[in-house]
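Peer 1: First, the structure itself, so that you have it in front of you.
Protein chains in written order, with the numbering used here: chain A, 17 to 319; chain B, 290 to 654.
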């Protein structure tokens with residue numbers, strides 16, 4: 017019964033837990049921070065080490081694989097690994113250009129299609145609406161790898177293999193985006209549309225000039241999540257440009273790097289290529305982090 | 290719903306103007322909202338049409354065609370309409386007929402099964418533990434830690450695979466940091482279970498395991514466990530996925546009302562008791578969701594294998610998803626690849642349903 021008295025006292029303090037003091041509380045906090053810091057190092061150190069490796073010489077990497085500082089005995093800091101990213105075997109500028117083209121096109125098309133359909137599903141009553149929404153939910157449940165071959169078949173019959181169209185169009189139709197925009201439009205007050213209608217706005221005008229600006233947070237979330245997803249997309253691009261190296265994007269080009277070099281792996285070039293692929297999305301992530309968090313939460317609510 | 294009514298409300302809205310107070314009054318009647326919805330039903334279709342058309346062409350037709358492709362002898366190079374229907378031949382080749390295709394498929398199923406059995410619990414438990422620690426009220430600076438854990442999840446799977454291949458080199462960072470003998474991670478095809486038995490002195494399997502086989506693979510080889518190389522990939526994927534799952538758990542934990550926790554404290558429940566009797570039961574739906582996501586994702590592992598190993602060493606990192614790619618686009622056996630895809634889909638569905646049953650049946654909720 018001693019325990020009961022003790023814990024109920026703790027319960028009284030629970031509202032001011034963050035200000036708890038005493039050796040036991042300090043020890044508890046210390047253990048908490050040690051655990052958190054340990055995992056933070058595990059999750060972040062591979063990137064830090066890669067960043068250092070990108071600027072080291074190959075003998076240095078061989079001799080000091082864990083060092084975060086270049087060894088002057090092996091030539092010190094160097095950009096020779098990065099320079100090799102623009103060579104006969106590794107055409108990083110071209111890959112970057114293709115990644116940018118595909119990402120920009122996919123994102124623009126996605127927000128257009130998803131906001132139009134999301135608005136219709138959220139606000140309009142028309143025959144077939146229930147079916148469309150069921151379709152949007154159902155296609156999300158099918159694993160992507162299962163569709164790789166039949167989707168290749170469809171693209172082949174349409175004659176869009178090895179074209180930008182084939183890389184872009186299948187990614188532009190994204191059921192999750194429609195779902196996300198529908199959720200955002202449903203949260204907006206109906207009075208605004210009614211007021212716009214009273215002022216004589218057409219349905220499209222109401223959508224474009226009243227509702228779309230109000231759904232800006234949803235559009236931003238969709239833009240950011242789509243940018244990340246498309247920039248990192250691998251399987252679809254790999255298959256869509258199966259025979260055309262000119263259409264290689266960063267992830268597809270990177271994936272071929274280790275094979276391109278055979279036995280002696282130039283790890284400074286490889287880690288540099290990996291980081292160049294990661295950095296643009298990292299910047300987007302640090303600036304717009306809350307949208308990533310919201311997007312993940314939204315996908316959880318859906319399921 | 291009421292087609293006769295639909296056209297009527299269109300008129301007053303189009304001529305709407307402040308000059309006409311009578312019509313304006315009409316519009317505020319109770320049924321007006323419904324009229325707004327129903328006017329010109331085809332507008333809803335115009336708005337939805339591009340998305341629906343795209344989803345049908347690039348998702349619905351492929352879904353339907355997935356099964357059809359698996360019944361054809363298609364090479365993936367010419368039009369599928371020039372290929373011959375072969376009935377169940379592709380499935381026979383994968384499941385019944387002796388040969389390298391069946392053995393490869395069996396090996397890939399074995400590899401992926403151990404991979405799933407390792408990664409799903411590992412990433413779920415790791416994410417849950419981190420989320421619970423991050424949810425403690427007495428810790429500060431949680432935003433920083435959350436960002437650090439989540440960051441790998443948003444990066445390119447190919448880029449982080451290359452970074453991991455670098456770290457897992459025999460003279461690489463992992464071996465330098467671990468206080469054990471150097472391991473040839475990515476070149477080591479030995480199964481973990483075989484390794485463990487080897488430590489106990491069992492080098493070769495007993496006759497009843499080595500003499501019998503299923504789908505061209507000895508029972509002894511089915512029981513090999515994940516190879517050392519596969520374990521490296523399992524660590525990689527656990528590391529990249531845990532952050533996303535942590536966020537999902539964190540959202541679930543924040544939905545638990547503090548009053549439940551406080552009531553338990555008043556009733557004298559200790560932290561361990563509270564964790565097992567309150568947190569875990571209340572998180573059951575979230576755990577189900579996370580495990581389902583894990584099962585669906587891990588049975589499709591492709592990017593990491595493509596960029597990291599190509600199925601080596603000795604096919605011990607070959608997975609069905611990677612085999613689909615190889616058969617369709619390297620071996621020109623797209624019909625066979627289609628059959629692998631259909632079987633893989635059935636496997637994923639099976640595990641999802643079993644997971645649903647297990648999580649439901651073990652709960653008191």
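Backbone N, C-alpha and C define an ideal beta-carbon position, used for all residues, glycine too. A quick note: this is a predicted structure, and the numbers were derived from the prediction, not measured.
Comparing C-alpha positions only, which one of 135(A), 172(A) and 246(A) sits nearest to residue 204(A)?
Peer 2: If we check each option's Cα against that of residue 204(A), 135(A) comes out closest.
Peer 1: Label residue 318(B) either buried or exposed according to how many other C-beta atoms from any shown protein chain fall within 10 Å of its C-beta, with 16 as the threshold for buried.
Peer 2: With a pLDDT of 43 at residue 318(B), under the threshold of 50, the predicted position of this residue should be treated as unreliable, and no value is reported.
Peer 1: Taking residue 613(B) as the query, report the chain A residues whose CB atoms sit under 8 Å from its CB, ordered along the chain.
Peer 2: Here the neighbours are 161, 164 and 165.
Peer 1: Quick one: list the residues of chain A neighbouring residue 413(B), beta-carbon separation under 8 Å, in chain order.
Peer 2: What residue 413(B) touches in chain A: nothing, since even the nearest Cβ is about 14 Å away.
Peer 1: Report yes or no: do the stretch 60-68 of chain A and the stretch 79-95 of chain A share at least 3 C-beta pairs separated by less than 8 Å?
Peer 2: Contact holds: three or more Cβ-Cβ distances are below 8 Å.
Peer 1: Hey, residue 438(B) and residue 504(B): beta-carbon distance below 7 Å or not?
Peer 2: Going by C-beta atoms, residue 438(B) is not nearer than 7 Å to residue 504(B).
Peer 1: Spatial neighbours of residue 513(B) within its chain, please: CB distance less than 7 Å, with the 5 preceding and 5 following residues excluded, ordered by chain position.
Peer 2: Excluding positions up to five away in sequence, the list reads 480, 482 and 483.
Peer 1: Note down, in chain order, all residues in the stretch 238-266 of chain A with a beta-carbon under 8 Å from any beta-carbon belonging to chain B.
Peer 2: Cβ contacts with chain B: 244, 247, 248, 250, 251, 254, 255, 258 and 266.
Peer 1: Counting pairs of beta carbons, one from the stretch 370-379 of chain B and one from the stretch 612-628 of chain B, are three or more of them closer than 8 Å?
Peer 2: Yes, the stretch 370-379 of chain B touches the stretch 612-628 of chain B.
Peer 1: Alpha carbon to alpha carbon, how far is residue 312(A) from residue 366(B)?
Peer 2: Each residue's Cα considered, the two are about 39 Å apart.
Peer 1: Are the CB atoms of residue 178(A) and residue 272(A) nearer to each other than 7 Å?
Peer 2: No.
Peer 1: Buried or exposed: where does residue 43(A) fall if 16 or more other Cβ atoms within 10 Å of its Cβ makes it buried?
Peer 2: The residue is exposed, with fewer than 16 neighbouring Cβ atoms inside 10 Å.
Peer 1: What is the rounded straight-line gap between the Cα of residue 408(B) and the Cα of residue 223(A)?
Peer 2: Straight-line Cα distance between these residues: approximately 45 Å.
Peer 1: Is the distance from the Cβ of residue 436(B) to the Cβ of residue 596(B) below 7 Å?
Peer 2: Contact flag unset, no.
Peer 1: When DSSP labels each residue in this structure, what does residue 361(B) get in the three-state scheme?
Peer 2: It is a strand residue.
Peer 1: Does residue 320(A) come within less than 7 Å of chain B when only Cβ atoms are used?
Peer 2: Residue numbering for chain A in the displayed model covers 17 to 319; residue 320(A) lies beyond these limits and cannot be assessed.
Peer 1: Between the alpha carbons of residue 522(B) and residue 621(B), how many angstroms are there, rounded?
Peer 2: Looking at the two C-alpha atoms, the distance is approximately 27 Å.
Peer 1: I'd like to know whether the C-beta of residue 45(A) is nearer than 7 Å to at least one C-beta of chain B.
Peer 2: Yes, residue 45(A) counts as interfacial toward chain B.
Peer 1: Less than 6 Å between C-beta atoms, sequence neighbours within five positions excluded: which residues of the same chain meet that for residue 176(A)?
Peer 2: So the qualifying residues of the chain are 182.
Peer 1: What's the call for residue 99(A), buried or exposed, on a 16-neighbour Cβ count within 10 Å?
Peer 2: It is exposed - the Cβ of residue 99(A) has fewer than 16 other Cβ atoms within 10 Å.
Peer 1: Closer than 8 Å is the cut-off here; do at least three beta carbon pairs connect the stretch 588-605 of chain B with the stretch 330-345 of chain B?
Peer 2: No, the stretch 588-605 of chain B does not touch the stretch 330-345 of chain B.
Peer 1: Using a Cβ-Cβ cut-off of 7 Å, state whether residue 571(B) counts as contacting chain A.
Peer 2: No, because no Cβ of chain A sits closer than 7 Å to the Cβ of residue 571(B).
Peer 1: Under the three-state reduction of DSSP, which class applies to residue 502(B): helix, strand or coil?
Peer 2: Reduced to three states, the DSSP call for residue 502(B) is strand.
Peer 1: Quick check: is the beta carbon of residue 593(B) nearer than 7 Å to any beta carbon in chain A?
Peer 2: No, residue 593(B) does not count as interfacial toward chain A.
Peer 1: Measuring CA to CA, which of 414(B), 396(B) and 387(B) is closest to residue 516(B)?
Peer 2: For the residues 414(B), 396(B) and 387(B), the minimum Cα distance to residue 516(B) belongs to 396(B).
Peer 1: How about the stretch 118-128 of chain A and the stretch 231-246 of chain A: do they share at least three Cβ pairs that are nearer than 8 Å?
Peer 2: Short answer: they touch.
Peer 1: Does the beta-carbon of residue 323(A) have 16 or more other beta-carbons within 10 angstroms, so that it is buried, or is it exposed?
Peer 2: The displayed coordinates of chain A run from 17 to 319. Any statement about residue 323(A) would go beyond what the structure contains.
Peer 1: Please compile the residues from chain A whose C-beta is within a distance smaller than 8 Å of the C-beta of residue 438(B).
Peer 2: By Cβ distance, chain A contributes 55, 56 and 59.
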